[in-house]
Structures are given as structure tokens and as C-alpha cells.
Amino acid sequence: MLKRNSPFIFFILILIFLIINSSEAEKKKKLEPLTEPPVPKDNPLTKEKIELGKKLFFDRRLSGDGTTSCASCHDPEKAFTDASEISLSYPTTRNLRNAPTLINVAYGKYLFWDGRAETLEQQAEFPIMSPFEMNQNLDFLEEEIRIVPEYREAFKKIFGQEINIKLIAKALAAFQRTLISKNAPLDRYLKGDKNALTEEAKKGLEIFTGKGKCIECHHGAYLSDHKFHALMVPENPKYVEEDKFIVTRRYIAKINHYPDYMNVKEDLGRYFKTKKKEDYKAFKTPTLREIAKTAPYMHNGIFKTLDEVIEFFDKGGGKGNKVLKPLNLKEDEKKALKTFLVEALSGEDLKIKVPEIP
Amino acid sequence: MIKFFPYRYRDYSRIAAEAAVEAWRQGKFLEMHELLLKRSPKLDRDSLISYAKELNLDIHRFIEAIDNKKGSDIIERDLKLAKELDLYVTPAFYINGIKVLGVRDADYFKSIIFKELENVKKK
Chain A
8 MLKRNSPFIF FILILIFLII NSSEAEKKKK LEPLTEPPVP KDNPLTKEKI
58 ELGKKLFFDR RLSGDGTTSC ASCHDPEKAF TDASEISLSY PTTRNLRNAP
108 TLINVAYGKY LFWDGRAETL EQQAEFPIMS PFEMNQNLDF LEEEIRIVPE
158 YREAFKKIFG QEINIKLIAK ALAAFQRTLI SKNAPLDRYL KGDKNALTEE
208 AKKGLEIFTG KGKCIECHHG AYLSDHKFHA LMVPENPKYV EEDKFIVTRR
258 YIAKINHYPD YMNVKEDLGR YFKTKKKEDY KAFKTPTLRE IAKTAPYMHN
308 GIFKTLDEVI EFFDKGGGKG NKVLKPLNLK EDEKKALKTF LVEALSGEDL
358 KIKVPEIP
Chain B
2 MIKFFPYRYR DYSRIAAEAA VEAWRQGKFL EMHELLLKRS PKLDRDSLIS
52 YAKELNLDIH RFIEAIDNKK GSDIIERDLK LAKELDLYVT PAFYINGIKV
102 LGVRDADYFK SIIFKELENV KKK
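So the protein sequences, as listed, match chains A and B.
First residue of the first sequence? That's 8 in the numbering used here, and the numbers climb one at a time after it.
First residue of the second sequence? That's 2 in the numbering used here, and the numbers climb one at a time after it.
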């Protein structure tokens, strides 16, 4: 009996699997209000640790020449960006990409445009030791921090251990997990306050979730699918032929063992790391929260305004991309979409008092 | 207004600042400033002397000035001011009181200047 019905049972199981999967997919493509951010078990948040992380965040000892702190490129006055197309760099060098905001970074599953780190603890070491960012030697940094009595005491008290780079990273991560944008109109709206959005923003929300297809990649509470897509954003013409920029691009290719690194003419994004075909020129889907405060846009800051960004997507993305199709939005639809992005996704300004550095 | 801030980790930043001070004393500051930016990192003593010649400066006075650090009073004064203002990175700019740190492109400056001009119009 069982044997005779087994194709039928198999068919039913497949059907159930498909239904579950499709409802999962549906569930993923909703906008959700921000909840408490995830905190790793091995790095619980405490008031003292957050304060220590904040001091380190603003401490220029973290750079080789003592001129740059994390706050240089993630400036609280500029929504934790540096408002430059290509992020600020170590003196005499040029950075390669735009500095993303740190607001809500606690919700990110991948860090950096190419996603080379998966936790804030992993992330912290990269810019500190990068020759075109902070250019500091990690062993040397440990000693520079260890020589400061206040730091020695704080690390001992908080971690019960001597200072080391992993603990520095943990403290930095703890502080960054507190940078949450609160009370955005979208959150209030999703929690039931139907007056939280203006009529124009509500129209924009409809475009966002419908004709504009933004929700395909920008969903969930973080408004990101945490994936990588090759939209074929053009190279930034201001920098693409600049010697210092070429040096940095070659360097990135070289340290990622890209065989023909001398002839790499574009930023290949996640491909540098994974060498997977689907990652060729793919970059992380950024959160759209606080988008109004974080211009310029895209991984190379090529678009100065949200209008330019909307135009790019409306036209179906960059040349040769296989991800996007033209949207043919009308002018009033583009305007409404922009209103939604600007009004609905901006939370209360974070007020950060620069701490005294020991 | 331009202030001096020789970057401490560059071998020739201090002597280049001395060259600029002396060029200022001889009425050619901006010309020297431009040359220093254009020819950087070639800012060793011999190169600076050749730039001074190019600008038709009084070479004897120029060499005496850079060798004897005659601009140090001005440079030290500016460094002290930078410390007081908590400036630590070069270049640093103030536009209508707005602090701009680090190397920025022309568009970045334009957007600040246009915004400030708009604010003046509104007033």
C-alpha cells in the first residue's frame, strides 16, 4: 500500500516544501520595524564597555601617524559617514570606496561593500591596518593603548584581561552596536500609527513595494537583503584614472591573489574575495535607513543625490547588468518615492558627545 | 588666509614650509605654494632652491632663510594655533566657520560654498 502510494506522498511532500519556501520568501520581502539589535553571546553590551569603545572610536592612536580615528570617516556630525564620494584616506594615499554609515550597523550581516567581514569584531581590524586608511600596525597599537594607564585599568575591569587587539575590536563593536536610529516614521507607521507618514510618503511606499521593486532587495527591518548584486554601477570618472586610486585598486587585487592585478581596470567588488562568477562587480545591498543624510551614494559615491540614484534604477541600472530592468516610473512616482526615502527612513538624530581621550 | 602645518612624518615638510615663508617675504607666496603642490614629493633642499630660481627670488636671501630656519617663528605660531584648535590633519580648512578636514574634491567645497551663499541670500 505504502509502496503504491509513495509517488503520491513524495509529490505532497514536495508541494508542502514549496509552499513553506514560498511563504518564507514572501515573509522576507516585507518591511519591518527595527527591534533590538542582535548582540553576540561572547561580547555582551555593558555600559563600561560601550564607553571604552567610544573612547577608542575617537582615539587617533588607532592610526599610524596619529591623525585619523574611526570618527574621521564615520563622523557623527555627518551621520557617521565622511560625506565624500571616496572615503578619506591615510595621508598621501587614496581610498577606493565610499564610507558607509555606521547608523544601524548592528543589524548588518556583512560588513564592508564587499562583505569581507561578518561581525563588527572582525571588521574592526581591517581599516586600522589598511595602508590607505589608518595604516597602523596591530601589535604596535596594542602597545600604544597598553601604555595608557586609564586604558589598562578599563580593559582589566571590563574584560579581566590584558589589552589585545581582539578586545580592542570587541569594545569598538560594542559602541557601534549602540548607534541605532530610533523612532523613524516608517517604524511608527509599521507599528500602527497611520499618521506617521504623509500622503506623499505613503504613495512613495506603494512605489517602493510595488512598481519601483525596491523591496526586492531592500526589505526586513534593516531594509537590506544582506546579499551582493552586480548592478554595474559605472566607475567614478573623477578617480578611475588617478594614480593613487589605481595603486589602491591594484593593491586590493594583489592581496586577494587576483592573478592579473596589474591590469585590473575596475573595482570588482566581492569578486576580489570570492572569485565566484556571480560576485563579479557585485556589492552589498546597503541599508536605506538614514539615506537622506548619507549622500553621496553607491560604493564609489558616484551619485550625489537621491534623484540620480532613482534615475539609475529607473533606467534599469548600469550597462550590462542582469539584475535590474527599466521601471518606467512617472515623474510624480519618482517624486513620491524620494519623499518616502527622505521622510520615512530618517530617525531621530543621534547625539554623540565626543569623549575625553586618555 | 593660509596657515602653516608641516606634516610631522614627512622629511621635507618643514623645509618646504620655510621655503614658502621666505617666498612670502619676497612677495611670491602663492606662486611657491602652487609649485610645492605641483612638484611634491620633490621637496628636498636642492629642489626648493631650483623652484626659488624659477620664481626669480633672491637666491642668497632664500638659501640663508631656509638654512637658518628664519620662518620658524611663523611656523611655530601656526602650529600652536592648530593645536589650540585641535587640528591634527592636513589639509584642514575653515569656510565660514565650517571645519573641513582631509583631502576633499572640488565638488565637496562647492556644495559648502553654495550652501553658505544661499544662507547669506536668505538673511
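Where a beta carbon is used, it is the ideal one built from N, C-alpha and C, also for glycine.
Who does residue i pair with in a DSSP beta bridge?
| i | result |
| --- | --- |
| K100 of chain B | B:Y95 |
| H306 of chain A | Note: H306 of chain A sits in no beta bridge, so no partner. |
| K236 of chain A | In the sequence as displayed, the identity of residue 236 of chain A is His instead of Lys. DSSP, once it has assigned bridges, lists A:F290 as partnering H236 of chain A. |
| L38 of chain A | A:G227 |
| L118 of chain A | A:A124 |
| D82 of chain A | A:T88 |
If you check the beta carbons only, do residue i and residue j fall under 8 Å apart?
| i | j | result |
| --- | --- | --- |
| G325 of chain A | M269 of chain A | no |
| L334 of chain A | K210 of chain A | no |
| F162 of chain A | I170 of chain A | yes |
| A203 of chain A | E128 of chain A | no |
| N352 of chain A | I309 of chain A | Here the sequence assigns Leu to residue 352 of chain A, which means Asn is not the residue at that position. Against a cut-off of 8 Å, the Cβ pair of I309 of chain A and L352 of chain A comes out as no contact. |
| K261 of chain A | R123 of chain A | no |
| R296 of chain A | N111 of chain A | yes |
| V247 of chain A | R257 of chain A | no |
| E32 of chain B | K71 of chain B | no |
| K218 of chain A | E140 of chain A | no |
| K62 of chain A | P362 of chain A | yes |
| L38 of chain A | H233 of chain A | no |
| F30 of chain B | I50 of chain B | no |
| E242 of chain A | D274 of chain A | yes |
| I67 of chain B | I3 of chain B | no |
| L148 of chain A | R68 of chain A | yes |
| V316 of chain A | A237 of chain A | no |
Helix or strand or just coil, what does DSSP make of residue i?
| i | result |
| --- | --- |
| K358 of chain A | coil |
| T6 of chain A | Missing from the structure shown is residue 6 of chain A; chain A here goes from 8 to 365 and no further. |
| I34 of chain B | The sequence given here has His at residue 34 of chain B, not Ile. Of the three classes helix, strand and coil, the one that applies to H34 of chain B here is helix, per DSSP. |
| D108 of chain B | helix |
| T88 of chain A | strand |
| A178 of chain A | helix |
| A124 of chain A | strand |
| G199 of chain A | coil |
| E33 of chain A | Below a pLDDT of 50, predicted positions are generally treated as unreliable, and E33 of chain A, at 49, falls in that range; the measurement from the model is reported next regardless. In the structure shown, E33 of chain A sits in a helix (DSSP, three-state: H, G or I). |
| K66 of chain A | Here residue 66 of chain A is Asp; the residue named in the question, Lys, does not match the sequence. It is coil, neither helix nor strand. |
| G73 of chain A | coil |
| G276 of chain A | strand |
| I3 of chain B | coil |
What in chain B is Cβ-close to residue i, meaning under 7 Å?
| i | result |
| --- | --- |
| K245 of chain A | D106 |
| P138 of chain A | By Cβ distance, chain B contributes nothing, its closest Cβ being about 14 Å from P138 of chain A, past 7 Å. |
| T74 of chain A | Y89 and V90 |
| L109 of chain A | Ordered by position in chain B, no residue passes the 7 Å Cβ test against L109 of chain A, which lies about 18 Å from the chain. |
| L63 of chain A | Within chain B, no residue comes near L63 of chain A; the closest Cβ sits about 17 Å away, beyond 7 Å. |
| L148 of chain A | Those do not exist, as L148 of chain A stays about 16 Å from chain B at its closest Cβ, beyond 7 Å. |
For residue i, count the other beta carbons within 10 Å of its own beta carbon; 16 or more makes it buried, fewer makes it exposed. Which is it?
| i | result |
| --- | --- |
| D82 of chain A | buried |
| E55 of chain B | exposed |
| E33 of chain A | At E33 of chain A the pLDDT is 49, less than 50, meaning the model places this residue with poor confidence; the figure from the coordinates comes in the next sentence. E33 of chain A should be labelled exposed. |
| G167 of chain A | exposed |
| E55 of chain A | exposed |
| N57 of chain B | exposed |
| R277 of chain A | buried |
| K337 of chain A | exposed |
| N50 of chain A | buried |
| Y97 of chain A | buried |
| N142 of chain A | buried |
| F6 of chain B | buried |
| N190 of chain A | exposed |
| V46 of chain A | exposed |
| H264 of chain A | exposed |
| K4 of chain A | Residue 4 of chain A lies beyond the residue range present for chain A, which begins at 8 and ends at 365; the question has no answer from this structure. |
| R9 of chain B | exposed |
| N69 of chain B | exposed |
I want to verify the contact list: residues of chain E whose CB lies under 7 Å from the CB of residue i, in sequence order.
| i | result |
| --- | --- |
| R104 of chain A | Within the model displayed, chain E is absent; protein chains A and B are what it includes. |
I want to verify the contact list: residues of chain A whose CB lies under 7 Å from the CB of residue i, in sequence order.
| i | result |
| --- | --- |
| Y8 of chain B | P98 |
| G72 of chain B | Simply none; closest approach about 22 Å. |
By the criterion of Cβ-Cβ separation under 9 Å, what are the contact partners of residue i in chain A?
| i | result |
| --- | --- |
| Y109 of chain B | A90, S91 and E92 |
Applying a beta-carbon distance threshold of less than 8 Å, which residues of chain B neighbour residue i?
| i | result |
| --- | --- |
| R2 of chain A | There is simply no residue 2 of chain A to check, as chain A begins at 8 and stops at 365 in what is shown. |
| S79 of chain A | V90, L102 and G103 |
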